[in-house]
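Here this note's numbering is used: the first residue of the sequence shown is 785, the next is one more, and so on. Have a look at the structure below before the remarks.
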Amino acid sequence: MSYEKVKVIGLRKVIKKATGEVHNFLQVEHMQNYDIYLNDDAVKLIPTFEKIKGKEALIPVSWGEYNGKPSMNLSDDFTPLPAPVRNVAV
785 MSYEKVKVIG LRKVIKKATG EVHNFLQVEH MQNYDIYLND DAVKLIPTFE KIKGKEALIP
845 VSWGEYNGKP SMNLSDDFTP LPAPVRNVAV
């Protein structure tokens, strides 16, 4: 597990036509765009993810592979942390 600095883009729901099953994904940007599957425990944090939409945050993830491509999976307690602020001298 590591904390990765990401920009939260939004949330997305996918409903399987055959079963009506709902799958939730957190959309983030980390050098490219990723959709992170939200399991039943992580779905409880949707209001938190909504609040930080468009902002950078550190999220606990593990890296994996899905359909031959790199994927990010939420890990630990799923709770995002504020991204560190860089002080830029003017």
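Ideal placement from N, C-alpha and C gives every residue a C-beta, glycine not left out.
* Asked: Who does D819 pair with in a DSSP beta bridge?
  -> Q811
* Asked: Considering only the beta carbon of each residue, do Q811 and G838 sit closer than 8 angstroms?
  -> no
* **Simplified DSSP state of A802, which is helix, strand or coil** => coil
* Whole runs of the beta strand (DSSP E) within the region 820-867, excluding any shorter than 3 residues -> 840-850, 853-858
* To do: Could you tell me which of G804, E840, T803, N808 sits nearest to V869, measuring between CA atoms?
  => E840
* To do: Evaluate contact between the region 795-805 and the region 850-857, counting only Cβ atoms and requiring at least three cross-stretch pairs below 8 angstroms.
  => no
* Should V798 be labelled buried (16 or more other beta-carbon atoms within 10 Å of its own) or exposed? -> Exposure of V798 is indicated by the presence of fewer than 16 other C-beta atoms within 10 angstroms of its C-beta.
* Do you know whose CA, among S786, K789, N808, lies nearest R796's CA? -> N808
* To do: Using 10 angstroms around the beta-carbon of I820, count the other beta-carbons present and answer buried if the total reaches 16, otherwise exposed.
  => buried
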